[in-house]
Amino acid sequence: MFPPRREGRARPSVASLSSLSLLAALLSLSAHYSLLTTDCFGADLSGHIRDASSGELLPSVVISLSGTDLGAITNNDGYYLVGEIPPGAYQVDFSALGYESKQHNILVIGDTEITVNLSLPPSPISLKEVKVTAQRAEFKRDVKVSSLIMSRGELRSAPFVLESDLFRSLQTLPGVTSTSDFSSAMFVRGGNADQNLILLDGVSMYNPTHLGGIFSIFDPDVLKSAELLAGGFPAEYGGRLSSVLDVETRDGNSKKFAGTIGSSLLASRAVVEGPIPTGSFFLSARRTYFDKVLGVVGYDFPYYFYDASGKVTSNLGQNTKLSGTGFLSDDRFSLGSGNNQTLLEWGNQVGSVMWQQYWSSRLSTKTYLTYNRYFYNIKLGTSFDVEDWIREFGLRSKATYTLGGDNVLEGGIEADYSRFRYNATMLGGINIDITGDPVPLAAYVQAKLKPSSDWLVEPGVRFDFYAMSKNLDTNRFNVSPRLSFKYFINDITAIKGAVGRYHQYVSALYPDFSPIPFLFFWVPLFSKYQPQQGDHAILGYEHWLDENTDLTVEGYYKRYGNILQMANAPKTDSLETTLLDAGTGYSWGADVMLKRDWGKLTGWLTYSLCFAKVKFNGLEYPPNYDRRHIFNIVASYGLPKGYGLTAHWNYGTGLPYTSTVGYYRRWYYRYGRDRIGYEWTEVPSGKNAARYPDYHRLDLGVEKAFHIGKTRLTAQLEVINVYNNHNLMLYYWNYDQTPPLRESQNQLPLLPSLGVKWDF
Amino acid sequence: MAPGAELLAYAAALLLFVGCNSNPDNYREQMIVYTTLNPGLAHQVVVVDRTYRVDEPAPESIGVSGAVVRLWREGSADTVAFPESTRVGFYRDTLTYPCVLPCSTYRLDVNWQGFHGTTTITAPDTFRFISPHAGETLSASNAPALVWRRSLYSAQYRIRLSGPPRRDSSFDLPIVTQDTFLLPYPGLFDTAGAFGLHIYALDRHLYSYEAGASMDTIGENVLADIGAQTVDSIRVLVVP
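First to last, the protein sequences are chains A and B.
Here our numbering is used: the first residue of the first sequence is 1268, the next is one more, and so on.
Here our numbering is used: the first residue of the second sequence is 1323, the next is one more, and so on.
Structure, rendered in structure tokens:
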């Protein structure tokens, strides 16, 4: 039996199939399964499962009917459906890791709908008390190609650098490459950093980072889960080529007022939450404090960041849920004032309203109204002034209908109105203005089908219409077919795969030689260019070594067309045709993950192999994020008396760079002195033909929890780069000496970090 | 070793092998040529230099000796030779009259130790300020618009101030425009005194270099920054 699909799950696709025939096949299959359903008799058992202490809806609760193979798993909304239960008396087991199991008896006497809503009390139970973990149950019910989920617990206990950070945690997953300790940008399976769709409660985010990209703006304390779809994602996701990061905030505590106060060496944060008449709320805020602390002693520290979020959830009866989410973030660096001010500021303002309606036990809809404003300003005295912003209003709605048996049909629509503005004023009156008001529209249909006990198949197709306006005078229409499958060799082993086509209509501008990819400037698709296009093909193997240890191996091939990157020397008078270079590329490789979900020792071992190449202006080369081999070991170990240990070791082979093989004087006219002069300039090697040394780092952490009454105080100590390895970030040349001397800039040295958190 | 394990070991070794990249040393010596032709000058200078391997010390002398440098107007048979000057690497014409005229296209040809580079350059036309006038008295608090005539064959204009030291260092950045005017710019004159105003009309090559373009290739293993410009200068008096 299959529950309704969990929101935000990776499902793949096929480029080779004709999209229209795929759609026709999808609809006829759905009709076929629907006909089967009407011939069947039995009851539908459905309901919501909550945390008894907080009232929060619980995902990944395993529901099983004793003595049968019937069962389900709650989705991210805590909802489950077990369909077509034959007449009879059953004991239904509800179990989840970290919670007491519960049993409920039902009597099925006909074709009826039975609703069982339950709350599970939290309990530090052992694995033996849980018959089947959710991950193990999902193995049998979901295709899950290239899907990597981090639960709230994993996010909160992940190794941190000064601050807990979602992106840092994701960088430990297979297929994810980072290029610097100073950047949280992710490069997934050979794709560029701007090819990742980042969703926060359904809202697409453009630059969700603090401190120039070092931290993400997501506070792990308010997140329910984060799912990274590293490839082959289903038709409900579009607009990016490489991956999807689907982040959902949790609901507030609907049973009692509670909160968390925490502080690290960098920032302080607080979360308060509690019940409201029909639901719950939470408010959270985080801010750096150096400027305030140093201001007391008269020092004007020029930088701060903050983020704040809030959510109100209202349950209008059993079948209707409304929620509203707001999110603000701001980074500001300001030095000097007036005509001498240096200002760097960026931020996000996000709002969304979600309406979820269960029309019956089998039909539900989820609709979002979204607003997103991203802005970025830079000002250098009177000589340089950039104002950049994006505003988006969006509507997206998704319907889920459970057909007969284990089959689910889903469809949705998306409509956005976007405004992109980039205006730069430079000394001498030079003005660069980039504007565009695209209107992306999309519709999709996808299904989860179980044609036999050995097969799961998930076909889908997405239609994108990119209506352009103003300077973007060409419309684009694209069809993106997707398909994924799973074949069960036996109860613990399966082969799975996915193929799909993907399109992208926006791109971020940053020089491709930059070791730190700042994703500040986004531009829409100009009429000169075709949409960026990617094709994924993935084949994988999954095997359960025991009840809570999973081995996954996936090989992939990705092909890119019309990919865009910032040109080396765009012309200010014709930016719409010279700002970007269009190219092609491909990547292939394999990801291996061994994950243990439960027990005193948990964590994962990963290995990633990746080969990536891009081709621009006739030149093919490895992009500067083409890391060939990556190993990760992430482990958490629970000790008695509230102690916990974490460890993370990362090893990655060197990244490509363009080395210097020679040097020369580049002469130029020195206008200030009306004579010529020179500066030493490098003779480069082939583009990205050299590699930096390998990277490796060990981080260790220890935490101790103190229970004070009904509250808990947690102290954390983390040591970054324990053996102080000199990981190289870049080389540069000192031409004051002859021959020039190669010098280097390293990444993070050994760095201890402290944190404290009080949950009440 | 079991056959499966052996296969796995081979596969791992293969992956590690294909994963390794050596750092290539693909250095090849190249000739470097630089000149900015200026019709307003009595003599033109061409610099001929070379590249050095990254571990090779550069000699104290600048440029290379023994190059043969020639310039002629396109369509003309009269070639102007640029013998080497007393400064190594600097090649200068010895004519008693300007060999470069505005609005004319010239071909530059350089030979050195088997390297050969050749390219053409079109010198922009002369032009002049329209406003302000030479010797005009201006107010520091009321910056004027600068207006000048268009220069044929120029792609860009560069504005330079000379005179009293500026208080606002941000104006050290170049003022570059493709228009034939600069709108009143607050703070352009931030102090009183006698200022020199200079407008350079740059040809499209210099325009490209200003925009960050890499050097042109004008022959096999020959890199060049070759451009041309004309200039007009006036002096103005700025009062508080």
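No residue lacks a Cβ here, since even glycine has one placed at the ideal position from N, Cα and C.
Do you know offhand how far A:Arg1894's Cα is from A:Lys1795's?
-> Their backbone Cα atoms lie some 32 angstroms apart in a straight line.
Mind reading off the beta-carbon distance from A:Glu1821 to A:Ala1879? Whole number of angstroms is fine, and I expect it under 8 angstroms.
-> 16 angstroms between Cβ atoms; not a contact.
Where A:Tyr1777 meets chain B, residues with beta-carbon distance less than 8 angstroms | None at all; the shortest Cβ gap to chain B is about 15 angstroms.
When burial is assigned at 16 or more other CB atoms within 10 Å of the CB, is A:Asn1674 buried or exposed?
-> Buried, because 16 or more other Cβ atoms sit within 10 Å of the Cβ of A:Asn1674.
Find out if the Cβ-Cβ distance for the pair A:Asn1384, A:Gly1314 is shorter than 8 angstroms.
-> It is a contact, given that the beta carbons lie within the stated cut-off.
Length of the line joining the Cα atoms of A:Lys1588 and A:Asp1468 = Each residue's Cα considered, the two are about 14 angstroms apart.
Roughly how many angstroms separate the alpha carbons of B:Ala1467 and B:Gln1500, rounded to a whole number?
-> Using only the alpha carbons, I get a separation of about 15 angstroms.
Close Cβ partners of A:Glu1405 (< 7 angstroms) along its chain, the five nearest in sequence each way excluded | Ile1340 and Lys1411, listed in sequence order.
Looking at the structure shown, is B:Ser1344 part of a helix, part of a strand, or coil, going by DSSP?
-> Interpretation of B:Ser1344 is limited by its pLDDT of 48, a score under 50 that renders its predicted location unreliable; the figure taken from the coordinates is listed afterwards. Coil at B:Ser1344, not helix or strand.
CB-CB under 8 angstroms to B:Gln1352, same chain, minus the five flanking residues each way: which ones, in chain order?
-> Correct list, in chain order: Arg1372, Thr1373, Phe1437, Asn1543, Val1544 and Leu1545.
Output yes or no for whether 8 angstroms exceeds the beta carbon distance between B:Ser1426 and B:Arg1395.
-> Contact flag set, yes.
Simplified DSSP state of A:Phe1406, which is helix, strand or coil | In the three-state reduction of the DSSP assignment, A:Phe1406 falls in the helix class.
Throw me the rounded Cβ distance for the A:Ser1619 and A:Glu1659 pair, which I believe falls under 8 angstroms.
-> The C-beta distance from A:Ser1619 to A:Glu1659 rounds to 11 angstroms, too long to fall under 8 angstroms, and the pair is not in contact.
For the alpha helix (DSSP H) holding A:Leu1437, just list the boundary residues, first then last.
-> Note, A:Leu1437: alpha helix (DSSP H), Leu1433 to Leu1437.
Could you check where the alpha helix (DSSP H) with A:Thr1845 kicks off and where it finishes?
-> Leu1842 to Thr1845 is the extent of the alpha helix (DSSP H) around A:Thr1845.
Length of the line joining the Cα atoms of A:Lys1954 and A:Leu1967 = One C-alpha to the other measures close to 37 angstroms.
Assuming A:Pro1326 and A:Ser1590 make a contact with CB atoms under 8 angstroms, what is their CB distance in whole Å?
-> In this structure, A:Pro1326 and A:Ser1590 do not form a Cβ contact; the two beta carbons are roughly 16 angstroms apart against a cut-off of 8 angstroms.
Own chain, CB closer than 8 angstroms to B:Leu1495, minus 5 neighbours either side, in chain order = Note that B:Leu1495 scores a pLDDT of 47, beneath 50, so its modelled location is shaky; the value from the coordinates is reported in the next line. If the five residues before and after B:Leu1495 are omitted, its C-beta is found closer than 8 angstroms to no C-beta atom of its own chain.
Closer than 8 angstroms, CB to CB, is A:Trp1855 near chain B or not?
-> No, no contact with chain B.
Could you check how far apart the C-beta atoms of A:Pro2007 and A:Asn2001 are, in whole angstroms? I think they sit under 8 angstroms.
-> With a contact defined as Cβ atoms closer than 8 angstroms, A:Pro2007 and A:Asn2001 qualify at about 6 angstroms.
Candidates A:Gln1358, A:Gln1370, A:Glu1367 and A:Pro1353, of which the one nearest A:Thr1379 by Cα | Per the Cα distances, A:Pro1353.
Measure the alpha-carbon distance for A:Leu1611 versus A:Val1653 and round it to whole angstroms.
-> If you take the alpha carbons of A:Leu1611 and A:Val1653, they lie about 10 angstroms apart.
Quick one: which chain A residues come within Cβ less than 7 angstroms of B:Pro1379?
-> Residues of chain A passing the Cβ test: Thr2005 and Pro2006.
Taking all protein chains shown into account, do 16 or more other C-beta atoms lie within 10 angstroms of the C-beta of A:Val1766, making it buried, or fewer, making it exposed?
-> Around the Cβ of A:Val1766, a 10 Å sphere holds 16 or more other Cβ atoms; the residue is buried.
Distance, A:Asp1558 Cα to A:Val1564 Cα = Distance between the alpha carbons of A:Val1564 and A:Asp1558 is about 10 angstroms.
For A:Asp1488, which beta-bridge partners are listed by DSSP?
-> In DSSP, A:Asp1488 forms no bridge with anything.
Give a yes or no on whether the C-beta atoms belonging to B:Arg1471 and B:Phe1449 are separated by under 8 angstroms.
-> Their beta carbons are under 8 angstroms apart, which means B:Arg1471 touches B:Phe1449 by this criterion.
What span of residues does the beta strand (DSSP E) with A:Gly1929 cover, start to end?
-> In the DSSP annotation of this structure, the continuous segment of the beta strand (DSSP E) that includes A:Gly1929 starts and ends at Thr1927 to Arg1937.
Flag A:Asn1463 as yes if its beta-carbon sits less than 8 angstroms from any beta-carbon of chain B, otherwise no.
-> Using beta-carbon distances, A:Asn1463 does not count as an interface residue toward chain B, since no partner is under 8 angstroms.
Same chain, Cβ closer than 6 angstroms to A:Pro1441, five either side skipped, listed in chain order | Here the set comprises Asp1858, Met1860, Thr1873 and Ser1875.
Excluding the five sequence neighbours on either side, which residues of its own chain have a C-beta within less than 6 angstroms of the C-beta of A:Val1989, listed in chain order?
-> Excluding residues within five positions, the ones whose Cβ falls inside 6 angstroms are Leu1965 and Leu1967.
Own chain partners of A:Gly1727 with C-beta closer than 6 angstroms, once the 5 adjacent residues on each side are dropped | The residues are Pro1501, Ala1502, Gln1713 and Arg1749.
Could you name the residues of the same chain whose beta carbon sits closer than 6 angstroms to that of A:Thr1634, not counting the 5 residues immediately before and after it, in chain order?
-> Cβ-Cβ distances below 6 angstroms link A:Thr1634 to Trp1622 and Ser1664 in the same chain, with the five nearest sequence neighbours on each side left out; the list follows chain order.
For B:Ala1456, three-class secondary structure by DSSP = Looking at B:Ala1456 - three-state DSSP - the assignment turns out to be coil, as it is neither helix nor strand.
Supposed contact pair A:Leu1922 and A:Tyr1945 - C-beta distance, whole angstroms, cut 8 angstroms = A:Leu1922 and A:Tyr1945 do not touch by the CB rule: their CB atoms are close to 31 angstroms apart, not below 8 angstroms.
Heavy atom of the ligand NAP within 7 angstroms of A:Leu1716 beta-carbon | Although the ligand NAP was asked about, the structure shown includes no ligands whatsoever.
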